[in-house]
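Here is the structure we will look at.
Protein chains: 2
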Amino acid sequence: MSEHSWTVDHRLSDDESNVHYDWSHERSPVLTVESGDVVRFDCRDASNGQLGTDATVETLRSLRFDGHPLTGPVAIEGAAPGEVLEVELLEFEHRGYGFTYFYEGDAGKGLLPEEFDEPGLHIWELDDDVARFVDGIEVPVNPFPGCIGVAPRANGTHSTTPPRRVGGNVDIKHLTAGSTVYLPIEVEGGLFSIGDCHAAQGDGEVCVTGIEAPMSVTARLTRRPDISVEEPQFETTGPFTASGVDEPMYATAGIDSDLMTASEKAIEHMIDHLHEERGLSRGEAYLLCSVAVDLKINEVVDAPNWVVSAYLPESIFSA
Amino acid sequence: MSEHSWTVDHRLSDDESNVHYDWSHERSPVLTVESGDVVRFDCRDASNGQLGTDATVETLRSLRFDGHPLTGPVAIEGAAPGEVLEVELLEFEHRGYGFTYFYEGDAGKGLLPEEFDEPGLHIWELDDDVARFVDGIEVPVNPFPGCIGVAPRANGTHSTTPPRRVGGNVDIKHLTAGSTVYLPIEVEGGLFSIGDCHAAQGDGEVCVTGIEAPMSVTARLTRRPDISVEEPQFETTGPFTASGVDEPMYATAGIDSDLMTASEKAIEHMIDHLHEERGLSRGEAYLLCSVAVDLKINEVVDAPNWVVSAYLPESIFSA
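Written as structure tokens, this is what we have:
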């Protein structure tokens, strides 16, 4: 453990009493903190512990999803609607494993479920630096929370799946340690929750999962009555490439009048590339796209056709 | 001029006889080369020379767009439909200036024309490394061709504006010197053309122009009967950040059930940020977004809402 410039003021375990599976501003906070306090959150993985290191495709068949298990909510004293919650992400600690999976056909979500007639699963061994795939492929470990948000103002309960202006399941892979997120507060106290941590993910998270992993997250929560944001904003230093410096990438363009279709085409071409040039099965390729390939919008202005490309860092093959 | 590992086999000037303003496979090649030859193309800027260093917003008012002026077409001996044209981009040479502009309201294209009631224009002074904006803001110069493609098989003439599977106006900012592009050939000889060079651009090119600039481009054209691609693919070493290494970025998320609307929201928030925190006018901010801010797709799988974020490299303010 390195020396820190912070001390943990509060710890929240991932006991069932600290975990919730939907968003509701009517839920009582499990902790109330002063602005500026540092909280260490233990977070369950997205499967709520159903997928362990011995999981198989058969385990996937019986997986039940009742919402992302989120740790919280935490109230920040004095936080009021219209203000901003500043969340400094200080440290992530994983448990040495994670998993990536997709479902096929009608059972599937994600970008291309119809291209597969069976599900896919990879259990990853994680160390501090890399996650191991197959055939000498290693993906850098750069943990972040898939879900990070405050409670929406709207009454009732709300699914954890779609992200909203208050955050939630934003799946922004750049929210790594050292990043700061600004969230618009809609209710008294803010009611902050976090979870669904990923050890790595590509921009797009195309197969519907990153490297899903149980983790602990340490974050400083600060009330910012002096600023306002309409949707989440953030400061980050990346990673913007796998190695942290400009490096060789292989990229496949998708060109279409619809950005989603362009994204699908780009990933289809990348799956072809990984299958034909790198010897992966198409299922393995789809999993790897979801954790290591980035979708960038090249242009959205040359009507009627837009370009989205998928970028594969060649450095992940150097292991 | 540094030492090269190539020699130029052919030169194509940007005389009117070597320039065309639409795509048509019925156009006779202005040059026929052997596979592997290196060609130096002089390329006019996207305004076809109408915008010089003394241009003003008034000049924009009288600008006439008849298609991107493209240099070519070049036939590659023996190239046949179904094969791939490999284009190694070897060198770019600009003329020391470039321009970025947008039109307002109904006259405008791009992502957010309705947010402006007057057009915007910036004339850039370029050196080998940077392009100068305002108030100590410098954008790195990383030239690439906005338009790069081969002739489509479909009969008739085709606008240069939309990109197609054979390439064209793809506006992929990573097609810098050292990159290699693979284009699907649809007609005998391939009929390759190039132009619309940009000295810099953000992913998205949101205001509809990058740093538009006349340039010369040196490229090696190689017939690849041994491979096939459905849409353009490419190898690149970036730039993936402004400085070439992971660096601080400020990012604004746009969350919506439509990827285009999410992109619009992300850029609207970034314009707000540049206006409020960096003191730019909203028009200046929109221009800067188009040349220096990158749109990334964070997730396309958390139905019904997707996340697109706009990333601003803070290093451009260090000048």
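Those sequence lines, one after another, are chains A and B. The first sequence begins at 102 in this note's numbering and counts up one residue at a time. The second sequence begins at 102 in this note's numbering and counts up one residue at a time. All C-beta atoms in this analysis are idealised placements derived from N, C-alpha and C, irrespective of residue type, glycine included. Keep in mind that this is a model prediction, so the values were computed, not measured.
#### Entry: Residue from B:ALA255, B:GLU336, B:ALA314 and B:SER329 whose Cα sits closest to the Cα of B:LEU276
B:GLU336
### Message
Cβ closer than 7 Å: which chain B residues qualify as neighbours of A:ASP207?
### Response
Within 7 Å Cβ-Cβ: nothing; A:ASP207 doesn't reach chain B, min ~14 Å.
### Query
What are the boundary residues of the alpha helix (DSSP H) that A:LEU161 is part of?
158-162
### Task
Whole angstroms is fine: what's the gap from B:GLU239's alpha carbon to B:THR319's?
26 Å
### Query
How many angstroms separate the CA atom of A:GLU378 from the CA atom of B:GLU331?
15 Å
### Task
Measure the beta-carbon distance from A:PHE341 to B:THR353 and round it to whole angstroms, keeping in mind my assumption that it falls under 8 Å.
In fact, because the Cβ distance is near 16 Å, the residues do not count as touching under 8 Å.
### Task
Spell out the partners DSSP gives A:GLU226 in its beta bridges.
A:TYR198 and A:ARG233
#### Entry: Rounded straight-line distance, which links the Cα of B:ASP236 to that of B:SER163
29 Å
### Task
Consider the Cβ of A:GLN334: report whether some Cβ of chain B lies at a distance smaller than 8 Å.
yes
### Query
Hey, out of A:GLY355, A:GLY250 and A:LEU222, whose CA is closest to A:HIS454's CA?
No statement about residue 454 of chain A is possible, as the shown extent of chain A runs from 102 to 420 and does not include it.
#### Entry: Inter-residue Cα distance where the pair is A:ASP123 and B:ARG266
43 Å
### Message
Between the alpha carbons of B:GLY409 and B:ASN399, how many angstroms are there, rounded?
### Response
The sequence given here places Val at residue 409 of chain B; Gly does not occur at that position. Their Cα atoms are separated by approximately 6 Å.
### Task
Answer yes or no: does any C-beta atom of chain B fall closer than 8 Å to that of A:LEU212?
yes
### Query
When you check each C-beta in the region 308-329 of chain B against every C-beta of chain A, which residues fall closer than 8 Å?
CYS308 and VAL309
### Task
Consult DSSP for A:ASN82 and reduce its assignment to one of helix, strand or coil.
Shown here, chain A extends from 102 to 420; a query on residue 82 of chain A therefore has no answer.
### Task
Measuring only between beta-carbons, confirm whether B:GLY235 sits less than 8 Å from chain A.
For clarity, residue 235 of chain B is Val in the given sequence; the question names Gly instead. Cβ-Cβ to chain A under 8 Å: no for B:VAL235.
### Task
State the Cα-Cα distance for the pair B:SER106 and B:ILE417, rounded to the nearest angstrom.
33 Å
### Query
Taking Cβ-Cβ distances shorter than 9 Å, what residues in chain B pair up with A:GLY305?
LYS397, ILE398, ASN399, GLU400, VAL401 and VAL402
### Task
Quick one: using the 10 Å Cβ neighbour count with 16 as the cut-off for buried, is A:ASP272 buried or exposed?
buried
### Task
List the residues that DSSP assigns as beta-bridge partners of B:LEU190.
B:ALA320
### Query
Using a C-beta cutoff of 8 Å, does B:ILE356 count as contacting chain A?
yes
### Task
Examine chain A for any beta-carbon lying closer than 8 Å to the beta-carbon of B:PHE418, and answer yes or no.
no
#### Entry: Where A:MET102 falls: helix, strand or coil (DSSP)
Note that A:MET102 scores a pLDDT of 47, beneath 50, so its modelled location is shaky; the value from the coordinates is reported in the next line. Three-state DSSP puts A:MET102 in coil, outside helix and strand.
### Task
Can you have a look at A:ARG145 and say buried or exposed, based on whether 16 or more other CB atoms are within 10 angstroms of its CB?
buried
### Closest Cα partner of B:ASP229 within the set B:GLU219, B:SER129, B:THR258 and B:GLY197
B:GLY197
### Query
From A:THR338 to A:ALA181, what distance separates their C-alpha atoms?
29 Å
### Task
Have a look at B:HIS126, B:ARG325 and B:ASP395 and flag the residue whose alpha-carbon is nearest the alpha-carbon of B:MET350.
B:ASP395
#### Entry: Inter-residue spacing [alpha-carbon to alpha-carbon] between B:GLY211 and B:PHE203
8 Å
### Message
Less than 7 Å between C-beta atoms, sequence neighbours within five positions excluded: which residues of the same chain meet that for B:THR172?
### Response
LEU113, ASP115, ASN119, VAL120, PHE142, ASP143, CYS144, SER294, ILE295 and GLY296
#### Entry: For B:PRO264, the nearest candidate out of B:ALA363, B:LEU284 and B:GLN302 (CA to CA)
B:LEU284
### Message
If the cut-off is 7 Å on Cβ atoms, which residues from the region 336-367 of chain B count as contacting chain A, listed in chain order?
### Response
GLU336, THR337, THR338, GLY339, PRO340, PHE341, THR342, GLY345, VAL346, ASP347, GLU348, PRO349, MET350, TYR351, ALA352, THR353, ALA354, GLY355, ILE356, LEU360, MET361, SER364 and LYS366
### Local Cβ density within 10 Å of B:ASP167, reported as buried at 16 or more and exposed below that
exposed
### Query
If we ignore side chains and look at the alpha-carbon of each, how far apart do A:ASP327 and A:GLY183 end up?
10 Å
#### Entry: is_contact[B:VAL408, chain A] using C-beta, thresh 8 Å
yes
### Spatial distance of B:GLU287 from B:ARG128 (CA atoms)
14 Å
### Task
List the residues of chain A whose Cβ lies closer than 8 Å to the Cβ of B:ASN119, in chain order.
Near B:ASN119 there are no residues of chain A at all, since even the closest Cβ is about 23 Å away, more than 8 Å.
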